[in-house]
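What follows is a single structure, written as structure tokens, with notes after it.
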Amino acid sequence: MDLLGYANRVAVLASIDLFGFVSWALVLILAVTLFWPINILFLALAYKVRQGSQPLTIEMKELWVRVTFASLALAILSAVTVGLLYTIIQSAGFPPGPAQFTVLIIYLAAGVGLLFWILALEDLLQAASVFLIYVLIPALPLLLAGRLASVWETLRQSTPWLLLHST
215 MDLLGYANRV
225 AVLASIDLFG
235 FVSWALVLIL
245 AVTLFWPINI
255 LFLALAYKVR
265 QGSQPLTIEM
275 KELWVRVTFA
285 SLALAILSAV
295 TVGLLYTIIQ
305 SAGFPPGPAQ
315 FTVLIIYLAA
325 GVGLLFWILA
335 LEDLLQAASV
345 FLIYVLIPAL
355 PLLLAGRLAS
365 VWETLRQSTP
375 WLLLHST
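The opening residue of the sequence shown carries number 215 in the working numbering; numbering runs sequentially from there.
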């Protein structure tokens, strides 16, 4: 086997694994943000974890109003994202991997921007860290519960455009 052929094969396998990771990341983010009434608590917790030992700069009532509307805005963004993915992949026929990668980048930018605006944070780095904490807190339990209940396999079979088979 020649070296160029081997390099091409490794590059193709690496891109497939990247798209598998992007697919899982997108599904987990969508799953966390679509459970709207429950995830209000996770967003409040993420905001408090981000603050650390510093006291909150806003009143508790204002915090709850802001995290309620922020989590609702992220749930609406997620519902629009699922519809957009279905339209792009199923109806328009785009390949799922690159389409999901593009939509994930757009989703992350929009989600961080929404948190920055609604939570009235000082900079986008604070909004990015709140978003990351917000998604990561329930992600591991959600992954394990989905694995034990065979939710991921059912999702993969019913919506192959959303959750790709990884190699």
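Just so you know, even glycine gets a beta-carbon here, dropped at the ideal spot from N, CA and C.
Quiz item: What three-state label does DSSP hand A306 in the structure shown?
Solution: Translated into the one-based positions of the sequence shown, residue 306 becomes position 92. Of the three classes helix, strand and coil, the one that applies to A306 here is coil, per DSSP.
Quiz item: In whole angstroms, what is the alpha-carbon distance linking G369 and V246?
Solution: Translated into the one-based positions of the sequence shown, residue 369 becomes position 155. Translated into the one-based positions of the sequence shown, residue 246 becomes position 32. A small correction: the amino acid at residue 369 is Leu; Gly does not occupy that position in the sequence shown. One Cα belongs to L369, the other to V246, and the distance between them is close to 15 angstroms.
Quiz item: For Q265, is the classification buried or exposed, using 16 other Cβ atoms within 10 angstroms of its Cβ as the cut-off for buried?
Solution: Numbered from its first residue, the sequence shown carries residue 265 at position 51. Burial state of Q265 is exposed, judged by a 10 Å Cβ sphere holding fewer than 16 other Cβ atoms.
Quiz item: Does DSSP put G266 in a helix, in a strand, or in coil?
Solution: For the purposes of this step, residue 266 is taken as residue 52 along the sequence shown, with counting starting at 1. Here DSSP, grouped into helix, strand and coil, assigns G266 to coil.
Quiz item: If you draw a straight line from the C-alpha of L350 to the C-alpha of M274, how long is it?
Solution: Position 136 of the sequence shown holds residue 350. Position 60 of the sequence shown holds residue 274. Near 23 angstroms, if we compare the C-alpha coordinates of M274 and L350.
Practice problem: Taking 8 angstroms as the threshold, find out whether the segment 247 to 258 comes into contact with the segment 281 to 290 through three or more Cβ pairs. | Solution: Contact annotation: the segment 247 to 258 touches the segment 281 to 290, with at least three C-beta pairs closer than 8 angstroms.
Exercise. Using the Cα positions of E336 and W366, report the straight-line distance between them to the nearest angstrom.
Key: Here residue 336 is taken as the residue at index 122 of the sequence shown, counted from 1. Here residue 366 is taken as the residue at index 152 of the sequence shown, counted from 1. In a straight line, the C-alpha of E336 is about 37 angstroms away from that of W366.
Quiz item: Is it the case that the Cβ atoms of L292 and L333 are separated by a distance below 8 angstroms?
Solution: Here residue 292 refers to the residue found at position 78 of the sequence shown. Here residue 333 refers to the residue found at position 119 of the sequence shown. The question names Leu, but residue 292 in the sequence shown is Ser. Not in contact: S292 and L333 (Cβ atoms no closer than 8 angstroms).
Self-check item: For F249, the three-state DSSP class (helix, strand or coil)
Solution: Here residue 249 refers to the residue found at position 35 of the sequence shown. Coil, per DSSP.
Self-check item: S343 - containing alpha helix (DSSP H), residue span
Solution: For this step, residue 343 is matched to residue 129 along the sequence shown. That run of the alpha helix (DSSP H) goes L338 to L362.
Quiz item: Among L357, V326, Q340 and L376, which one has its Cα closest to the Cα of L288?
Solution: Translated into the one-based positions of the sequence shown, residue 288 becomes position 74. Nearest of L357, V326, Q340 and L376 to L288, Cα basis: V326.
Quiz item: Beta carbon of V263, beta carbon of T295: below 8 angstroms?
Solution: In the sequence shown, counting from the first residue as 1, residue 263 sits at position 49. In the sequence shown, counting from the first residue as 1, residue 295 sits at position 81. Contact flag unset, no.
Practice problem: Determine the extent of the alpha helix (DSSP H) in which I290 is found, giving its start and end residues. | Solution: Within the sequence shown, the letter at position 76 stands for residue 290. Element bounds for I290: M274 to Y300.
Quiz prompt | Cut-off 6 angstroms between Cβ atoms - residues of its own chain near A313, not counting five sequence neighbours on either side | solution = Against the sequence shown, residue 313 aligns to sequence position 99. Taking C-beta separations shorter than 6 angstroms and ignoring five residues to either side along the sequence, the partners of A313 in its chain run I302 and I303, following chain order.
Practice problem: Starting from the Cα of W375, find the closest Cα among F330, L298, A353 and Q340 and give me that residue. | Solution: The residue you call residue 375 lines up with position 161 of the sequence shown. Comparing alpha carbon positions, the residue from F330, L298, A353 and Q340 closest to W375 is L298.
Quiz item: Exposed or buried, what is A359 when buried is set at 16 or more other beta-carbons lying within 10 Å of its beta-carbon?
Solution: By one-based count along the sequence shown, residue 359 stands at place 145. Counting Cβ neighbours within 10 Å, A359 comes out exposed, since fewer than 16 surround it.
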